[in-house]
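Per the UniProt record's numbering: the sequence shown ends with 164, consecutive numbering throughout.
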Amino acid sequence: DANRRLILSSFPSNVMAQDGSFYNGSMGQEPDRVYAIGMCIPGSTSDDCSDCIKTASDGLLQSCPNQTEAYSWKDEPTLCLVRYSNTSFSGSADLNPRVMITSGVDITSNLTEFTTIWEGLMNRMIDAASTAKSTPSSSNNHYTADSAAFTPARNIYALMQCTP
């Protein structure tokens, strides 16, 4: 638990010291090593990212005592993720952690159509996020947002960010 507390409490300053939007690291020696990552959506200011990472880290420290792995998505003042585990997840093709927010609309009558549209959207986004690079005019490194029409009146919206 000491390594978890140390790495999470250092996250806000480490994110600022790196590039202002991403940090990963580990703390301690096996078998007590803790691996962690903190990242913000592209376009976040360093201060907003640091504040978001601090809120997420503090929440994990309070809400997940003695847990070997956990994550938190926060959306104030920007969108960020903090994740930690007792096993390394760097470089792994892991689709978790993920968050799904639904509108409450019943899609069971069109579930097959929804699944087809969803899978197409995810495949496009995986391609886009895994090849997106920052340019002088954008910071979309490994990030994409997209939508797909489900019905004439309903869209599916998604964003995806790969760890650098």
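All C-beta atoms in this analysis are idealised placements derived from N, C-alpha and C, irrespective of residue type, glycine included.
Model, not experiment: these values are computed from the prediction.
Under a Cβ-count criterion, where at least 16 other Cβ atoms within 10 Å of its own Cβ denotes burial, should residue i be classed as buried or exposed?
| i | result |
| --- | --- |
| M39 | buried |
| P12 | buried |
| I7 | buried |
| M125 | buried |
| A149 | exposed |
| S72 | buried |
| D1 | exposed |
Identify the continuous beta strand (DSSP E) that holds residue i and give its terminal residues.
| i | result |
| --- | --- |
| F89 | Neither: F89 is in no beta strand (DSSP E) and is coded neither H nor E. |
| C40 | V34 to C40 |
| S72 | E69 to K74 |
| M160 | R154 to Q161 |
If you draw a straight line from the alpha carbon of residue i to that of residue j, how long is it in whole angstroms?
| i | j | result |
| --- | --- | --- |
| S109 | D127 | 29 Å |
| S21 | C64 | 24 Å |
| residue 171 | S44 | Since the displayed the chain opens at 1 and closes at 164, residue 171 lies outside it and no answer follows. |
| V15 | L159 | 21 Å |
| N66 | G59 | 13 Å |
| I117 | T163 | 25 Å |
| V34 | G104 | 37 Å |
| R4 | Y23 | 15 Å |
Against chain D, with Cβ distances strictly below 9 Å, would residue i count as a contact?
| i | result |
| --- | --- |
| T151 | Absent here is chain D; the protein component of the structure consists of one chain. |
Do residue i and residue j have their C-beta atoms within less than 9 Å of each other?
| i | j | result |
| --- | --- | --- |
| K74 | T102 | no |
| V82 | I53 | yes |
Alpha helix (DSSP H) containing residue i: first to last residue?
| i | result |
| --- | --- |
| C52 | S46 to S63 |
| D106 | No alpha helix (DSSP H) holds D106; DSSP gives it neither H nor E. |
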